[in-house]
Structure formats: structure tokens, C-alpha cells
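Enquirer: Below are the C-alpha cells for one structure; questions will follow.
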Amino acid sequence: MKMLPLFVYVLSATLLLLRESQCTVSEEPDLQVVVSHGTLQGHRLISRNGREFNSFQRIPFAKPPVGDLRFKSAQPPENWSGVRDATKEAPICPQRNIYMGGKDVEGQEDCLYLNVYTPQLPGDGSSSSRNLPVLFWIHGGGWLSGGGTLGLYSPAFLMDKDIVLVSINYRLGPLGNL
């Protein structure tokens, strides 16, 4: 019974931190950039301290590893025509939910995507347009669980700094390490 107040405090603090770490969407119009495989449409988000930054999510870095590609090395993605929506999170790779007892498998095999968050775009004409350090973040989880797009790993804190943040999803468990 003595542990209940401590549990309630820890739970409340955790929920507050999770709520505070979420990004909010700016009212700016959508952004488009051309990359080697086609055009991406992103959007602007607002960091924890109110700084706007560009967000491009669900960018494929390999062909979906399904069917004949399931247990093969990753293959380069194909080009796409038109504008690819890069405003939504990618699905996580198949994994057991370790927080719910590990019984149910969640995620999709078509999960090899990366996310790019940056305070500036190349050639945007601003005087602040310069090369920035890149933080390439690979989520933890012991090769069994996790994802680069989970709300827990929001870019809200890091994008208060002058960096380019790149996060990825990668194959896990029996489908991983390829």
C-alpha cells in the first residue's frame, strides 16, 4: 500500500513527459522536395520550444521485403511518379509487443522506411542555409522490438537544435539481420 503513491507519481510524470514530447503541426502549407526516387510532400512541425522544422516521414529506403524478397538482402526502392505523401508515420516492422506479454504480433513486413527532420531545406535561399550535423538514430529493442516512428521517440526535443535527424525502421526478430 505504501508503494501506491510512488506508483501514481511515476505514472503521472511519465504521462506528462510523453504528452510534452509530442510535436504539433504548423499551419504552414505543405512542403515538397525532389529526391533521387521522386517527389516527397512533407509538412512542418513545431518542436517542444516552438521552433518550426520540416518533417518527411515514411520514405522508402528499400523495396518492401515481402514474397520472394522476404529472406533476401534489401533491394533499392523503385522510383515513383507523382508526389509521395511523406506526412504520416510508417508501420513498425513485425514484432511481439513485449509490453503486453509478447503474445500478439503487430506491425507489417512492408516497413523499411526512414524519416528525415530538418530545420531548413537545401537551396531555400535563407541566410541560415548551411550544412548541418546529421544525427542518424537507430532505435533500441535488442533486434526484437521498437521502431523509428513510435510516438515515444518524438523529434520534439532534438529539433530545438540545428541538426538533421534521420530515424529508420529495420527488420526485427526472425525477419531481421538481413
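The sequence shown lines up with residues -23 to -1, 1 to 155 when you count with mature numbering (1 follows the signal peptide of the UniProt record, and there is no 0). C-beta: ideal position from N, C-alpha, C; glycine also. Model, not experiment: these values are computed from the prediction.
Suppose the cutoff is 7 Å on Cβ atoms and the five residues either side in sequence are ignored; what does the same chain contact list for G84 look like?
Expert: Only P68, I69, C70, P71, Q72 meet the Cβ criterion.
Enquirer: Out of curiosity, what's the CA-to-CA distance linking residue 156 and G125?
Expert: Only positions -23 to 155 of the chain appear in this structure, which leaves residue 156 out of reach.
Enquirer: Check for me: the beta strand (DSSP E) holding I23 runs from which residue to which?
Expert: Segment 15 to 23, the beta strand (DSSP E) holding I23.
Enquirer: Beta-carbon of V111 versus every beta-carbon of chain D: anything under 9 Å?
Expert: You won't find chain D in this structure, because it holds only one protein chain.
Enquirer: Give me the residue from K138, G123, G44 with the minimum Cα distance to residue 157.
Expert: The requested residue 157 does not occur in the structure, where the chain is confined to residues -23 to 155.
Enquirer: Which term fits F30, buried or exposed, when burial requires 16 or more other beta carbons within 10 angstroms of its beta carbon?
Expert: F30 should be labelled buried.
Enquirer: Which runs of the alpha helix (DSSP H) fall wholly inside the region 29 to 67 and span at least 4 residues, in chain order?
Expert: Runs found: none.
Enquirer: So what does DSSP say about Y76, is it helix, strand or coil?
Expert: Helix.
Enquirer: Can you round the beta-carbon distance between G15 and W57 to whole angstroms, since I take them to be within the 8 Å contact cut?
Expert: Rounded, the Cβ-Cβ distance is 4 Å, consistent with contact.
Enquirer: Check the DSSP bridge columns for L112 and list the partner residues they point to.
Expert: In the DSSP output, where bridge partners are listed per residue, L112 has L142.
Enquirer: Thinking just about the alpha-carbon of each residue, which of D87, N92, T95 is nearest to the one in V43?
Expert: Considering only alpha carbons, the answer is D87.
Enquirer: Given this structure, state the Cα-to-Cα distance separating L149 from F48, to the nearest angstrom.
Expert: If you take the alpha carbons of L149 and F48, they lie about 12 Å apart.
Enquirer: What is the DSSP secondary structure of Y90, counted as helix, strand or coil?
Expert: In this structure, Y90 counts as strand in the three-state DSSP scheme.
Enquirer: Quick check on L152: does DSSP put it in helix, strand or coil?
Expert: Of the three classes helix, strand and coil, the one that applies to L152 here is helix, per DSSP.
Enquirer: What does T95 pair with, by DSSP beta-bridge criteria?
Expert: DSSP lists N31 as partners of T95.
Enquirer: Would you tell me roughly how many angstroms separate the C-alpha atoms of V93 and G78, rounded to the nearest one?
Expert: Going by the C-alpha atoms only, they are around 32 Å apart.
Enquirer: Could you tell me which of D81, V111, I23 sits nearest to V143, measuring between CA atoms?
Expert: Selected option, being the one with the closest Cα: V111.
Enquirer: Tell me where the beta strand (DSSP E) around L8 begins and ends.
Expert: L8 -> beta strand (DSSP E) spans 8 to 12.
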